[in-house]
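Peer 1: Okay, here's the structure, questions in a sec.
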Amino acid sequence: MQGKKILITGGTGQVARPVAEALATDNEVWCLGRFGDQSARKALQERGAHTAVWDMATEDLEGLPRDFTHVLHSAVHRGDGKDFEETARINAVGTARLMTHCAAAESFLYVSSGVVYNRADRTHRYRESDPLGGAAPWLPTYPIAKITAEGVARGLAEALALPTVIARLNIAYGPYGHGGVPMILFNQMRKGQPCAVPREGQNYCDLLHTDDVVRQVPLLWDVAQAPARVVNWGGDEAVGMTDLLEYMSALTGVPVQLDRGDYSRETATFDHGVRRDLIGDCSVGWKTGIARTVADFFEEYRDRIDDYLDAHAAETSR
């Protein structure tokens, strides 16, 4: 992708930052965010991206150019778990301001989440047409944030004739920010803290490495349309969270304590038929991606990880 003028919100996030850094080489990239992490802002600027502070809870977009060709909207106000009205308002208004400001764009990508699905079955592969109404006991306002913004994106895609794609993200991870859920869990392991898993069976997810995130964003822009297109966005492989924990333990020698109690953070796995038909397969297998990410974050385990990968090369060939 070259010669485009790109606007990215949530500029320091797990999705936005690697995309911004990659595209800034050959495009004019602008990143919006609150930039509590000034080192991340500096890194974006050093890669050639323009940065501007934007709090979508309070600020309009006056003073920002309007001639963007492509928009990636990944900023989200997750809420405090209690104030559903304010969470809905902030995400709706922020998305509406962004879409109307960039109404002449060639393509608009809204990053939603699998949390929007009414997840009643751990093993069901959720399709884009499945019922919505997600619940998140760990942060009850989060599904409201995503469902509300999806509604605004759908409405304005048609009202403005703005080609739009809504990508429902599974679990993104890689060498940015805190590394994603897998690195959060690995840090728990390193501290000797138990990791919550279901009393029976395990939760499943579709891990998506940031290499695939970066590669697939332009492909998703290419398939945007009005009315908005909805696409599940995750890795090709269904990964059990317990299997993930045990794999990180095998890679590093760090023991894992499984807490099979009454609560574990719910995840979901997707049917990826729509995404595969539109933009193809992923390129990074989950075992390879996890090994690379752990080694990037924690140098002290690199030699052990290399030895493990050499001994299990056939399992981590992608």
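Sequential numbering of the sequence shown, starting at -4, is according to the numbering used here.
We put the CB at the ideal spot given by N, CA and C, even for glycine.
(1) Output the distance between the C-alpha atoms of A38 and V10, rounded to the nearest integer angstrom.
(2) How far does the beta strand (DSSP E) with A219 in it reach, from first residue to last?
(3) For D254, which of helix, strand or coil comes out of DSSP?
(4) Less than 7 Å between the beta carbons of V160 and L93, yes or no?
(5) Are S69 and T136 close, meaning C-beta to C-beta below 7 Å?
(6) Let me check understanding here. Comparing Cα to Cα, which of T7, G175, A156, M184 lies closest to A100?
(7) Can you say whether T143 is buried or exposed, counting buried as having 16 or more other CB atoms within 10 angstroms of its CB?
(8) Measuring only from the beta carbon, is G5 closer than 6 Å to any heavy atom that is part of the ligand COA?
(9) Could you tell me which of D62, E81, Y121, D298 sits nearest to I139, measuring between CA atoms?
(10) Work out the CA separation of W216 and D78 for me, nearest whole Å.
(11) Using only the alpha-carbon positions, how far apart do F181 and W49 sit?
(12) Is L127 buried or exposed, if buried means 16 or more other CB atoms sit within 10 Å of its CB?
(13) Could you check the C-alpha separation between G58 and A47 for me, to the nearest Å?
(14) Does the distance from the C-beta atom of V269 to that of D207 stay below 7 Å?
(15) If contact is defined by three or more beta carbon pairs under 8 Å, each pair taking one atom from either stretch, is the segment 158 to 177 in contact with the segment 222 to 236?
(16) Find the nearest neighbour of R314 within the set L2, L304, F30, judged by alpha-carbon distance.
(17) Mind checking which residues open and close the alpha helix (DSSP H) that includes T7?
(18) Name the residue from D116, S107, G76 whose alpha carbon lies nearest to the alpha carbon of W228.
(19) Which runs of the beta strand (DSSP E) spanning at least 3 residues fall entirely within the segment 42 to 106, listed in chain order?
(20) So the beta strand (DSSP E) W281 belongs to, where does it begin and stop?
(21) R42 to D21, Cα distance in whole Å?
(22) With distances taken between CB atoms, is the gap from G129 to V110 smaller than 7 Å?
Peer 2: For this structure:
(1) Taking the first residue of the sequence shown as 1, we reach residue 38 at position 43. Taking the first residue of the sequence shown as 1, we reach residue 10 at position 15. So the alpha carbons of these two residues sit roughly 15 Å apart.
(2) On the sequence shown, position 224 is the one that residue 219 refers to. Counting along the chain, A219 falls outside any beta strand (DSSP E), and DSSP gives it neither H nor E.
(3) Looking up residue 254 in the sequence shown gives position 259. The answer is strand: DSSP assigns D254 an E or B state.
(4) Here residue 160 is taken as the residue at index 165 of the sequence shown, counted from 1. Here residue 93 is taken as the residue at index 98 of the sequence shown, counted from 1. Cβ atoms of V160 and L93: not closer than 7 Å.
(5) Counting from 1 along the sequence shown, the entry for residue 69 is found at position 74. Counting from 1 along the sequence shown, the entry for residue 136 is found at position 141. One thing to note: S69 has its Cβ no nearer than 7 Å to the Cβ of T136.
(6) Translated into positions along the sequence shown, residue 100 becomes position 105. Ranked by how close their Cα comes to the Cα of A100, the residues T7, G175, A156, M184 have A156 in first place.
(7) Taking the sequence shown and counting its residues from 1, the one referred to as residue 143 is at position 148. By the Cβ neighbour-count rule, T143 is buried, with 16 or more other Cβ atoms within 10 Å of its own.
(8) As far as ligands go, the structure on display features none, and thus does not contain the ligand COA.
(9) Against the sequence shown, residue 139 aligns to sequence position 144. Closest option to I139, Cα to Cα, is E81.
(10) As a working mapping, residue 78 is identified with position 83 in the sequence shown. As a working mapping, residue 216 is identified with position 221 in the sequence shown. If I take the Cα positions, the gap works out to 33 Å.
(11) Taking the sequence shown and counting its residues from 1, the one referred to as residue 181 is at position 186. Taking the sequence shown and counting its residues from 1, the one referred to as residue 49 is at position 54. Cα to Cα, the separation comes out at about 32 Å.
(12) Along the sequence shown, read from residue 1 onward, the residue named residue 127 stands at position 132. With fewer than 16 other Cβ atoms within 10 Å, it is exposed.
(13) Here the question's residue 58 lines up with position 63 in the sequence shown. Here the question's residue 47 lines up with position 52 in the sequence shown. The alpha-carbon atoms of G58 and A47 are separated by roughly 10 Å.
(14) In the sequence shown, the residue the question calls residue 269 occupies position 274. In the sequence shown, the residue the question calls residue 207 occupies position 212. Not closer than 7 Å, so no.
(15) yes
(16) It is not possible to answer for residue 314, since the shown part of the chain is limited to -4 through 313.
(17) Translated into the one-based positions of the sequence shown, residue 7 becomes position 12. That residue, T7, is in no alpha helix (DSSP H); it is neither H nor E in DSSP.
(18) Along the sequence shown, read from residue 1 onward, the residue named residue 228 stands at position 233. Of the candidates D116, S107, G76, the one whose C-alpha sits nearest the C-alpha of W228 is S107.
(19) 45 to 48, 65 to 68
(20) On the sequence shown, position 286 is the one that residue 281 refers to. No beta strand (DSSP E) contains W281, which is instead part of the alpha helix (DSSP H) from 281 to 292.
(21) If you number the sequence shown from 1, residue 42 lands on position 47. If you number the sequence shown from 1, residue 21 lands on position 26. Cα-Cα distance, rounded: 11 Å.
(22) The residue you call residue 129 lines up with position 134 of the sequence shown. The residue you call residue 110 lines up with position 115 of the sequence shown. Yes, these two residues count as a Cβ contact at 7 Å.
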